[in-house]
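The next block holds one structure in the form of structure tokens; read it before the comments.
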Amino acid sequence: CEKGFSPSNFMRAVSAAEIDFTPEKAKKRRLPAYTESDVAHPELFQALKDWRSRKAREEEVAHFQVLHQRILIQIVVCLPDNITDLKKINGVGKKTIEKYGKELVELVLAYRKKHGIDKVVLPELKKLPAEKEAQHSDTKQTSFDMFNKGLTIAGIAKERGLVQSTIEGHLSFFVEKGKLDINKLLSPEKQQAIEKELAVDHNNSLSEIKNAMGDDYSYGEIKMMLAWQKHLAETL
Numbered sequence: 161c162e163k164g165f166s167p168s169n170f171m172r173a174v175s176a177a178e179i180d181f182t183p184e185k186a187k188k189r190r191l192p193a194y195t196e197s198d199v200a201h202p203e204l205f206q207a208l209k210d211w212r213s214r215k216a217r218e219e220e221v222a223h224f225q226v227l228h229q230r231i232l233i234q235i236v237v238c239l240p241d242n243i244t245d246l247k248k249i250n251g252v253g254k255k256t257i258e259k260y261g262k263e264l265v266e267l268v269l270a271y272r273k274k275h276g277i278d279k280v281v282l283p284e285l286k287k288l289p290a291e292k293e294a295q296h297s298d299t300k301q302t303s304f305d306m307f308n309k310g311l312t313i314a315g316i317a318k319e320r321g322l323v324q325s326t327i328e329g330h331l332s333f334f335v336e337k338g339k340l341d342i343n344k345l346l347s348p349e350k351q352q353a354i355e356k357e358l359a360v361d362h363n364n365s366l367s368e369i370k371n372a373m374g375d376d377y378s379y380g381e382i383k384m385m386l387a388w389q390k391h392l393a394e395t396l
């Protein structure tokens with residue numbers, strides 16, 4: 161990034177990325193999440209990735225700071241041809257709409273017109289059984305409760321028989337929800353170093369960010385900082 165790291169520019173970029181902290185009632189009206197295996201329009205998918213690359217170069221930010229890959233997938237699957245439908249996609253917030261909404265809708269409209277797509281047929285969701293979903297939720301909560309009781313991440317991992325990165329992932333979930341302050345997990349120095357590296361274009365690759373930061377920083381710590389930035393962006 162030629163102009164160097166700017167916290168304000170970074171926050172504006174992140175606020176336009178994958179952010180969805182809408183109330184639960186509003187979330188019920190949103191579309192479900194799909195994966196890359198559900199993509200039936202590779203041409204549009206590539207067009208959106210090319211568009212994102214151009215935006216990232218123009219704004220001198222990483223690709224994910226424009227739009228996360230997961231959001232691109234939802235757009236390709238759901239083919240929203242108006243702003244109202246685009247808003248229904250998880251991760252598309254007010255700031256994303258203001259900044260990129262018109263361009264995204266125009267890309268989808270052009271594709272649908274080219275291929276004569278009037279009606280969108282959504283793929284069947286592959287959902288986890290309710291019991292498994294509850295188990296995933298409970299295991300995160302258990303780690304969170306143990307952390308709040310004063311146990312360290314290493315201590316929680318040892319007591320629960322899990323690897324440390326799993327516990328870091330559990331806590332990142334609560335960081336993103338605004339229930340856990342990043343200052344309880346990372347020193348100011350580590351926060352600043354990770355934040356600076358996140359402003360560099362690493363082709364939306366967490367492994368590239370990790371390699372650039374070296375062994376003093378774990379994947380979990382980077383994910384925690386990403387989660388914190390997502391939370392902060394919503395409060396701007």
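Residues 161 to 396 (this note's numbering) make up the sequence shown, in order. Ideal Cβ positions, reconstructed from N, Cα and C, are used throughout, including at glycine.
- Just so you know, the alpha carbons of Y260 and L282 end up roughly 23 Å apart.
- Taking 9 Å as the cut-off, the Cβ atoms of I257 and Q234 do not count as close.
- In the structure shown, the three-state DSSP call for H275 is helix.
- Straight across, the Cα-Cα distance linking Y271 with A200 is about 13 Å.
- Secondary structure of K339 (DSSP, three-state): coil.
- Residue L204 holds the alpha-carbon nearest to the alpha-carbon of K273 among M306, L204 and D245.
- Taking the C-beta atoms as reference points, E349 is found no nearer than 9 Å to Q389.
- Per the C-alpha coordinates, the member of D278, E319 and L208 positioned closest to D241 is D278.
- In this chain, the alpha helix (DSSP H) harbouring S367 covers L366 to M373.
- Excluding its 5 nearest sequence neighbours in each direction, E381 has C-beta neighbours in its own chain below 8 Å: E328, L345, L346, K350 and I354, listed in chain order.
- In the displayed model, D305 falls within a helix according to three-state DSSP.
- As the crow flies, the alpha-carbon of Q352 is around 31 Å from that of R320.
- Shown here, E220 sits in coil according to DSSP, grouped into three states, outside any helix or strand.
- K337 and N343 have their alpha carbons spaced roughly 15 Å apart.
- In this structure, L232 lies away from L269, with their beta-carbon atoms at least 9 Å apart.
- Taking the Cα positions, A372 is about 8 Å away from E357.
- In the DSSP assignment, P348 falls within the unbroken alpha helix (DSSP H) covering P348 to L358.
- Relative to the Cα of T326, the nearest Cα in the group G310, S303 and V360 belongs to S303.
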